[in-house]
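Positions in the sequence shown are counted from 1; adding 3 to them yields this note's numbering. Encoded as structure tokens, the structure appears first; notes follow it.
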Amino acid sequence: MSSIIPPGYRSLLTPWETQEAVWFLRQTFREKLAAALDLAPIAARQLLFPEAGLNDDLHGERRPVSFAIPCVDNRWVEIVHSLSKWKRGELARYDIPVGKGIYAEMNAVRTYETADNVHSVFVDQWDWERRIAEEERTLGFLKRIVRKIYGAVLDAETAVCGRFPRLEPVLPKEIAFLHSEELSARYPEYSPAQRETEAAKTLGAFFLIGIGGILRDGRKHDDRDPDSDDWSTPTGNGFHGLNGDIVLWNPVLRSRFELSSMGIRVDGRGLLRQLDLCGCPHLRELEFHRRLLAGLIPLSIGGGIGISRLCMFLLRKAHIGEVQSSVWPERTLRECGEKGVVLL
């Protein structure tokens, strides 16, 4: 999908105010998030060895940027797509106790992305992970964490609107919850993206539960890696999944806006089940997977919250390039230039 600037769009902030607001939001939100979930900051990994099995590649369908480094014994490394599995290893490495966690500011390169208003090949996000107890692997606990994160988003919106009065709050005070099965039944004739747009338009903000497994209509709402979130555990009423997305209504683009993907992570049984469901049982031989099956990786909940996504939404921007510096197709540069949209 190419970039489309809404008719009549004008940024509410000047380019310099935008730079100031982006850094204000980055600092404000990470402090709110860390306080809400009891997280401590750590340095993010940028490069991974392929044989460790830590990168997210949607079981081989999304190839990472990779290259050999002569000074490291000519070994091949990959630029990260996500840090979901790496973070679980860090919980074990630092012996983080139950109820506490970590976060890192990840910078990734995803060459498979199609650059448009909300997607860039450069991806920056707050990657967070919190250790949990066995009894916390429930839908109720997942919802409690979602509400805490949404509360941090609301606090950030209040803060940035106070700092830049031309911005006005738009988010509802409460976030709703829907399962992907419910959304499919409600809008059977729509695509998953269209279903989310209809729900977001009505609710303003919701958490969509259960993404990754095959629904009753025989299709997935969307793909998820088999070795990260738990999307297959039964949760009652014929529903499955302990994961999901935070989705908002974007008043500038008049569409759904995914802010975060997160979930309770797979345990050993869930890993084996999901590897089999995805037809890739051989992945259990990778280092991370062997450690998880051996009980050496803590149970956890975690996710990623888009830094540029959050800034774009709260600053009421029409294009993600207004809040991050990346590369764009010529047609995007041309259209934005013609419509007075300043890309960083």
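Beta carbons are placed, not taken as given, at the ideal position from N, Cα and C, and that holds for glycine. What you are looking at is a predicted structure, and each value in this text was computed from that prediction instead of being measured.
- Take A162, set aside five residues on each side of it, and the residues of its chain with a beta-carbon closer than 7 Å to its own are T31, in chain order.
- Runs of the alpha helix (DSSP H) lying entirely within the stretch 83–169, each at least 4 residues long, are 87–96 and 142–166 in chain order.
- Ranked by Cα distance from G271, the options L142, L256 and H292 are led by H292.
- For K223, the beta-bridge partners assigned by DSSP are I217.
- Residue F52 holds the alpha-carbon nearest to the alpha-carbon of V83 among G11, W331 and F52.
- Rounded to the nearest angstrom, the gap between the Cα atoms of S85 and S69 is 14 Å.
- By the Cβ rule, the stretch 29–49 counts as touching the stretch 137–152, because three or more pairs are nearer than 8 Å.
- Counting along the chain, L42 sits inside the beta strand (DSSP E) bounded by residues L42 to P44.
- Residue state for L317 is assigned as helix, using DSSP reduced to three classes.
- In this structure, P229 lies near L286, with their beta-carbon atoms less than 9 Å apart.
- Secondary structure at L50: strand, using DSSP grouped into helix, strand and coil.
- In the structure shown, the three-state DSSP call for L299 is coil.
- Distances from the CA of G343 to each of S329, G306, H322 and W331 were compared; the closest alpha carbon is that of H322.
- Q327 places its beta carbon 9 Å or farther from that of L296.
- Its chain contains K223, W234, S235, H243, G244 and L280 as the residues whose beta carbon lies nearer than 8 Å to that of G216, once the 5 sequence neighbours on both sides are disregarded; these appear in chain order.
- With a cut-off of 8 Å on Cβ pairs, the stretch 296–314 is in contact with the stretch 131–146, counting three or more such pairs.
- For F210, the beta-bridge partners assigned by DSSP are F180 and I249.
- For E338, the enclosing alpha helix (DSSP H) begins and ends at E333 to E341.
- Taking C-beta atoms under 8 Å as the contact rule, C314 and V121 fail to qualify, at a distance of about 12 Å.
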